[in-house]
Amino acid sequence: MLKVHEFFSVAIQLAYNSAKIINSVRLSSNIGQKWKGVDDPVTIADIQAQSYIIQQLHRHWPKLTIIGEESISYTQPINLPDTNLQLYDENIFNRTHNNHIIRTQYEIDDLCVWVDPLDGTLDFVKGDYENVTTLIGVSYKKQALMGIISQSFIKLQESQNTYEFKPKIYFGHQPQQKVFYTYDCISKIPLELKKPQFDPMNVRLCTQRNRLTDQELQKIKSLGCQLYQVGGSGKKSLTVLEGQTDMFICLGVGMSKWDICAPEALFKTFGGDFVGLAGQHYEYNPNDKSFDNPYGNLSSIHSELLEKYLPKTYGML
1 MLKVHEFFSV AIQLAYNSAK IINSVRLSSN IGQKWKGVDD PVTIADIQAQ
51 SYIIQQLHRH WPKLTIIGEE SISYTQPINL PDTNLQLYDE NIFNRTHNNH
101 IIRTQYEIDD LCVWVDPLDG TLDFVKGDYE NVTTLIGVSY KKQALMGIIS
151 QSFIKLQESQ NTYEFKPKIY FGHQPQQKVF YTYDCISKIP LELKKPQFDP
201 MNVRLCTQRN RLTDQELQKI KSLGCQLYQV GGSGKKSLTV LEGQTDMFIC
251 LGVGMSKWDI CAPEALFKTF GGDFVGLAGQ HYEYNPNDKS FDNPYGNLSS
301 IHSELLEKYL PKTYGML
């Protein structure tokens, strides 16, 4: 069995240490950049972080199914500490706001971990570090269950391209209906993120900045929302969770299951959803031949916004 508090204990340490890997590579003389396809780079940071995450998860749960974005493993030693199971107590995660007791352990065979070690690699290569995140999602019986999103950097001045390494890690377990965050992997009690509200007269929509055609952009603008464009699935999801935007849309089919499992779990924790442009629900099946998302994406923590806009996005792809 996998216990929720033990998994979060390990995953928060993994997210924080992955941020350290990313920052170390950022400051190095060679990020090891290669191209998997057009506008689709990979760096040493991607490979090191994923290898570290998988190694550490399998230390604790050898039979746990893990699917990562990168197909290459890092074979050299990684100078980071082993993780432990004791960061958080079970009682942090065993009740909802209305004091209902919820399930806090799951059968290993029914779980799959979906890892994007460095989401926003194109932005990382360009030096737009505020869009860089690490995503660790957990599905149970092919449905998103737990999510961890770690943002490694904050931008210090909008007018200058200056950043500070200051990881902030968001995480949650869908049945609990709470999203937590922490700035380290030491604090025993995480902070709780409050669900933001929205103005129905000024709905803010987040979409991609990269890999977007003029035709796709015009379709998105036709929805009549205030538009924000940023890089990375994780970063776009965080703008919604933090209340900077209200919805997240993607007209392309470039995202994959490791891009959306963690965000979907967190959106559902707040009562929202993560669906295709015609309302399709994605399944997280580790036995699929392809892990692509063929239906695009419309997502929000506000279910009423999805009900309003899904009829408008039908047929946009």
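UniProt numbering puts the first residue of the sequence shown at 1, with every later residue one more than the last.
Note that CB positions come from ideal geometry on N, CA and C, so glycine has one too.
Residues near residue i by beta carbon distance below 8 Å, same chain, minus five either side
i           : result
residue 108 : 1, 2, 61, 63, 64
residue 269 : 147, 172, 173, 174, 176, 177, 178, 179
Proximal residues to residue i (C-beta, below 6 Å), its chain only, five neighbours per side dropped
i           : result
residue 236 : 206, 230, 248
residue 322 : The chain is shown only over 1 to 317; residue 322 falls outside these bounds and no answer can be derived.
residue 234 : 119, 133, 135, 149
residue 191 : 181
residue 225 : 203, 205
residue 314 : 278
residue 51  : 73, 74
Neighbourhood of residue i by C-beta distance below 7 Å, restricted to the same chain and skipping five residues each side
i           : result
residue 281 : 275
residue 105 : 1, 2, 3, 4
residue 103 : 175
residue 94  : 101, 102, 104
Segment limits, beta strand (DSSP E) that includes residue i
i           : result
residue 204 : 204-208
residue 28  : No beta strand (DSSP E) contains residue 28, which DSSP labels as neither H nor E.
residue 189 : Segment: none, residue 189 is in no beta strand (DSSP E) and carries neither H nor E.
Residue i versus residue j: straight-line alpha-carbon distance, rounded
i           : j           : result
residue 218 : residue 209 : 13 Å
residue 74  : residue 44  : 8 Å
residue 310 : residue 165 : 37 Å
residue 7   : residue 215 : 43 Å
residue 33  : residue 125 : 8 Å
Nearest-angstrom beta carbon gap, residue j and residue i [assumed within contact, 8 Å]
i           : j           : result
residue 80  : residue 17  : 5 Å
residue 286 : residue 12  : Their Cβ separation, rounded to whole angstroms, is 23 Å, which puts residue 286 and residue 12 out of contact at 8 Å.
residue 170 : residue 145 : That pair is no contact at about 15 Å.
residue 85  : residue 9   : 5 Å
residue 240 : residue 154 : So it is not a contact: roughly 18 Å between Cβ atoms.
Boundaries of the alpha helix (DSSP H) in which residue i is found, first to last residue
i           : result
residue 311 : 303-313
residue 47  : 44-60
residue 238 : 233-241
Beta carbon proximity, residue i to chain B, threshold 7 Å
i          : result
residue 19 : In the structure shown, chain B does not exist; there is a single protein chain.
Item to check | Stretch-stretch touch, CB-based, cutoff 8 Å, three pairs: the stretch 280-300 with the stretch 249-262 | outcome: A contact exists between the stretch 280-300 and the stretch 249-262.
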